[in-house]
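Colleague:
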Amino acid sequence: MHIVVGVSGGIAAYKACELVSRLVQDGHQVRVVMTSKAAQFVAPLTFRALTGHAVGMDSDDEPEGPLSHVRLAHWADAMIVAPATAELLARLAEGLADDLLSLVYLGCRGPVVMAPAMEAEMWAHPATQRHVARLTADGVVVVGPKSGRLASGHWGQGRMAEPDELIEALRDATSVKDLAGVKMVVTAGATWEFFDPVRLLTNPSTGLMGVLIAHFAARRGAEVSLVYGPSVSAKLRPDLRGYPVVSATDMLEAVERAVRSMPADVLVSAAAVSDFRPARPRSEKAHKDNVGLTWEMQRNPDIIRTMAQRYGDRMLMVGFAAETEDPVRSATIKRQEKGLHAIVANLVGQGRGFGDGAHEAWLIADNGEWSIPGASKEATATFLLDWIRDRLRSR
Ligand code: C5P
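Be aware that the sequence shown starts at 4, since it is given in my numbering, and climbs by one per residue.
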């Protein structure tokens with residue numbers, strides 16, 4: 004993507020360096036325009052070195068040749084203004100274009116994300132709030148500011164949003180909302196089955212696959228509930244409805260609750276659910292000298308199978324199958340046994356799967372069978388969501 008980053012003059016300008024660096028590393032083409040005040044906080048040379056391109060400030064600067072503001076505005080697919088000071092917000096809300104940044108803003112036809120940063124009193128002032136409301140009404144996506152320690156040493160709402168959050172907001176603003184109206188429940192991560200208060204049965208799943216599916220779906224406009232086990236440590240989008248659970252029994256109960264309350268059109272079961280649990284967990288810590296070496300185990304409910312029996316006529320049911328051999332054959336049988344509309348099969352073991360990205364994957368559905376190109380977790384999530392979109396439309 005072609006992205007113009009506008010930097011105005013506040014102490015948070017140093018964070019714009021990190022933002023620009025991240026955007027370049029993510030493969031975007033980036034150009035920076037600054038206000039002259041911003042150049043007192045960070046040297047234009049820093050941005051020039053990060054992007055490999057000249058930086059402009061004044062309305063008659065020509066970093067891209069004559070009529071740079073027009074060229075940059077037409078070139079940009081999107082713009083991020085970070086940090087946006089109170090003064091810049093006021094100027095942009097009024098359309099006062101007297102420097103390169105404001106000229107590019109007025110000419111930019113793509114989405115614009117702004118990250119205000121200032122002292123808490125300035126942010127709370129009715130004048131600033133008026134300008135922000137105006138910019139929001141003009142279609143600008145305003146992210147933050149966050150609460151925390153400010154440059155003055157005081158605490159309050161005024162800290163610039165972190166680069167991660169701005170990049171996520173930009174992705175949201177530029178993505179096609181082809182899953183708008185779809186209600187989806189996703190499960191992610193391993194479950195924990197306790198033997199006693201300090202020992203448990205689990206597996207190495209990080210839950211990343213389920214979290215990516217939930218995040219990508221939300222970005223594409225779906226309403227998403229995520230039921231996740233304790234192994235999930237990823238930062239979750241604030242627009243997800245989260246159901247943290249511990250055991251498989253909890254997970255079944257939470258999935259049922261989530262499905263009913265939406266009510267959901269799709270269940271994607273990416274969780275690595277423990278098939279067994281200790282039959283008689285102890286309420287006190289078991290001391291190694293006075294317990295035997297065998298524990299009696301009990302089967303856990305199969306969550307997706309149970310849900311498919313209850314709701315398979317109303318909802319799409321999608322499962323995952325991690326297999327150590329002949330994944331397509333095993334997953335095809337598993338899909339039929341569990342009563343699923345689709346299953347994603349992948350090869351694990353021999354150093355593959357559980358956390359790494361590069362494995363082979365297939366989608367086996369009631370309307371066809373595909374090898375997933377690339378097969379990274381990202382590619383798998385995107386491929387599956389495309390299938391869900393098309394399958395729901397064809398119903
Ligand atoms: O039978 P297996 O565990 O290989 O099946 C994997 C699929 O079934 C995954 O979608 C997983 O989330 C789901 N599953 C479940 N409840 C269980 C075990 C697996 O929903 N108890």
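Glycine included, each C-beta is placed from N, C-alpha and C at the ideal position.
Around the Cβ of residue 280, are there at least 16 other Cβ atoms within 10 angstroms (buried) or fewer (exposed)?
Modeller: Translated into positions along the sequence shown, residue 280 becomes position 277. Buried, since its Cβ has 16 or more Cβ neighbours within 10 Å.
Colleague: So is the beta-carbon of residue 279 under 7 Å away from any non-hydrogen atom of the ligand C5P?
Modeller: Here residue 279 corresponds to residue number 276 of the sequence shown, with the count starting at 1. No, the Cβ of residue 279 stays beyond 7 Å of every heavy atom of the ligand C5P.
Colleague: Can you tell me whether residue 52 is buried or exposed, with buried defined as 16 or more other CB within 10 angstroms of its CB?
Modeller: Here residue 52 refers to the residue found at position 49 when the sequence shown is read from its first residue. Classification for residue 52: exposed.
Colleague: Do residue 103 and residue 55 have their C-beta atoms closer together than 8 Å?
Modeller: As a working mapping, residue 103 is identified with position 100 in the sequence shown. As a working mapping, residue 55 is identified with position 52 in the sequence shown. Cβ atoms of residue 103 and residue 55: not closer than 8 Å.
Colleague: If you scan the stretch 287 to 345 from start to end, which runs of the beta strand (DSSP E) of 3 or more residues do you find wholly inside it?
Modeller: Runs found: 300 to 302, 319 to 326.
Colleague: Terminal residues of the continuous beta strand (DSSP E) containing residue 245?
Modeller: Start at 1 with the first residue of the sequence shown, and residue 245 comes out as number 242. That run of the beta strand (DSSP E) goes 244 to 247.
Colleague: Would you say residue 103 lies against chain D (beta-carbon separation less than 8 Å)?
Modeller: No chain D appears in the structure shown, which is made up of a single protein chain.
Colleague: Would you report the Cα separation of residue 300 and residue 283, rounded to the nearest angstrom?
Modeller: Stepping through the sequence shown from its first residue, residue 300 is reached at position 297. Stepping through the sequence shown from its first residue, residue 283 is reached at position 280. The straight-line gap from Cα to Cα measures roughly 8 Å.
Colleague: Quick check on the DSSP output: what are the complete alpha helix (DSSP H) runs of length 4 or more inside the stretch 37 to 70, in order along the chain?
Modeller: Runs of the alpha helix (DSSP H) inside the stretch 37 to 70: 41 to 44, 47 to 54.
Colleague: Any idea what DSSP makes of residue 369, helix, strand or coil?
Modeller: For this step, residue 369 is matched to residue 366 along the sequence shown. Coil, per DSSP.
Colleague: Consider the C-beta atom of residue 190 and the heavy atoms of the ligand C5P; say whether any pair is separated by less than 7 Å.
Modeller: Working through the sequence shown from its first residue, we reach residue 190 at position 187. For the ligand C5P, at least one heavy atom lies less than 7 Å from the Cβ of residue 190.
Colleague: I'd like to check one pair, residue 382 with residue 365: are the Cβ atoms closer than 8 Å?
Modeller: Stepping through the sequence shown from its first residue, residue 365 is reached at position 362. Stepping through the sequence shown from its first residue, residue 382 is reached at position 379. No; because the gap between Cβ atoms is not below 8 Å, this pair is not in contact.
Colleague: In its own chain, which residues sit with a C-beta less than 6 Å from the C-beta of residue 255, not counting the 5 before and 5 after it?
Modeller: On the sequence shown, position 252 is the one that residue 255 refers to. The residues are 304, 306.
Colleague: If you run the structure through DSSP and keep just helix, strand and coil, what is residue 374?
Modeller: Along the sequence shown, read from residue 1 onward, the residue named residue 374 stands at position 371. Three-state DSSP puts residue 374 in a strand.
Colleague: When you compare the stretch 110 to 119 with the stretch 80 to 90, are there three or more beta-carbon pairs, one atom per stretch, that lie closer than 8 Å?
Modeller: With the cut-off at 8 Å, the stretch 110 to 119 and the stretch 80 to 90 touch.
Colleague: Counting only the same chain and skipping the five closest in sequence on each side, list residues whose C-beta sits under 7 Å from that of residue 219.
Modeller: In the sequence shown, counting from the first residue as 1, residue 219 sits at position 216. The answer, listed in chain order, is 384, 385, 388.
Colleague: What is the C-beta distance between residue 267 and residue 186, in whole angstroms, given that I count them as a contact (C-beta under 8 Å)?
Modeller: By one-based count along the sequence shown, residue 267 stands at place 264. By one-based count along the sequence shown, residue 186 stands at place 183. About 5 Å separates the two Cβ atoms, so the contact holds.
Colleague: Any heavy atom of the ligand C5P closer than 7 Å to the Cβ of residue 323?
Modeller: Residue mapping note: residue 323 aligns to position 320 of the sequence shown, counting from 1. Flag set: Cβ of residue 323 near the ligand C5P.
Colleague: Is residue 272 near the ligand C5P, judged by its Cβ being under 7 Å from some heavy atom?
Modeller: Stepping through the sequence shown from its first residue, residue 272 is reached at position 269. It does: the Cβ of residue 272 is within 7 Å (strictly closer) of some heavy atom of the ligand C5P.
Colleague: With a 10 Å radius around its C-beta and 16 neighbouring C-beta atoms as the bar for buried, classify residue 317 as buried or exposed.
Modeller: What you label residue 317 is simply residue 314 of the sequence shown in a count that begins at 1. With fewer than 16 other Cβ atoms within 10 Å, it is exposed.
Colleague: Please specify which runs of the beta strand (DSSP E), each continuous and at least 3 residues long, are wholly inside the stretch 86 to 133, giving them in chain order.
Modeller: Those beta strand (DSSP E) runs which fall completely within the stretch 86 to 133 and span 3+ residues are 115 to 119.
Colleague: Could you check the C-alpha separation between residue 168 and residue 120 for me, to the nearest Å?
Modeller: Position 165 of the sequence shown, counted from the start, is the residue given in the question as residue 168. Position 117 of the sequence shown, counted from the start, is the residue given in the question as residue 120. Looking at the two C-alpha atoms, the distance is approximately 14 Å.
Colleague: Let me check you understand the geometry: is the CB of residue 100 closer than 7 Å to at least one non-hydrogen atom of the ligand C5P?
Modeller: For the purposes of this step, residue 100 is identified with residue 97 of the sequence shown, where counting begins at 1. No - the ligand C5P has no heavy atom lying nearer than 7 Å to the Cβ of residue 100.
Colleague: For residue 187, which residues does DSSP report across the bridge?
Modeller: The residue labelled residue 187 in the question sits at position 184 within the sequence shown. Partner(s): 227, 269.
Colleague: Using DSSP bridges, identify the partner residues of residue 9.
Modeller: Start at 1 with the first residue of the sequence shown, and residue 9 comes out as number 6. BP columns for residue 9 point to 36, 84.
Colleague: With which residues is residue 152 paired in a DSSP beta bridge?
Modeller: Counting from 1 along the sequence shown, the entry for residue 152 is found at position 149. Bridge partners of residue 152: 158.
Colleague: Which same chain residues end up closer than 7 Å to residue 314 when comparing Cβ atoms and leaving out the 5 residues on each side of it in sequence?
Modeller: Taking the first residue of the sequence shown as position 1, residue 314 is located at position 311. 262.
Colleague: Any idea what DSSP makes of residue 233, helix, strand or coil?
Modeller: For the purposes of this step, residue 233 is taken as the residue at position 230 of the sequence shown. Residue 233 falls in the coil class under three-state DSSP.
Colleague: Assuming contact is defined by CB atoms lying nearer than 8 Å, are residue 350 and residue 330 in contact in what I supplied?
Modeller: Position 347 of the sequence shown, counted from the first residue, corresponds to residue 350. Position 327 of the sequence shown, counted from the first residue, corresponds to residue 330. It is a contact, given that the beta carbons lie within the stated cut-off.
Colleague: Restricting to runs no shorter than 4 residues, where is the alpha helix (DSSP H) found entirely within the stretch 190 to 216?
Modeller: Listed in chain order, nothing qualifies, since the stretch 190 to 216 has no complete alpha helix (DSSP H) run of 4 or more residues.
Colleague: Taking Cβ positions, are residue 92 and residue 134 nearer each other than 8 Å?
Modeller: Position 89 of the sequence shown, counting from 1, holds the residue named residue 92. Position 131 of the sequence shown, counting from 1, holds the residue named residue 134. For residue 92 and residue 134, yes; Cβs fall inside 8 Å.
Colleague: Is the separation between the beta-carbon of residue 65 and that of residue 75 shorter than 8 Å?
Modeller: Numbered from 1 along the sequence shown, position 62 holds the residue referred to as residue 65. Numbered from 1 along the sequence shown, position 72 holds the residue referred to as residue 75. Cβ distance not < 8 Å, so residue 65 and residue 75 don't count as in contact.
Colleague: How many angstroms separate the CA atom of residue 328 from the CA atom of residue 182?
Modeller: On the sequence shown, residue 328 is found 325 positions in, with the first residue counted as 1. On the sequence shown, residue 182 is found 179 positions in, with the first residue counted as 1. C-alpha separation (whole angstroms): 34 Å.
Colleague: According to the Cβ coordinates, are residue 49 and residue 12 closer than 8 Å?
Modeller: Start at 1 with the first residue of the sequence shown, and residue 49 comes out as number 46. Start at 1 with the first residue of the sequence shown, and residue 12 comes out as number 9. It is not a contact, given that the beta carbons lie outside the stated cut-off.
Colleague: Looking only at its own chain, which residues have a Cβ that is under 8 Å from the Cβ of residue 146, when we skip the five neighbours before and after it?
Modeller: Locating residue 146 in the sequence shown gives position 143, where the first residue counts as 1. So the list reads 116, 117, 118, 164, 168, 169, 172, once near-sequence residues are dropped.
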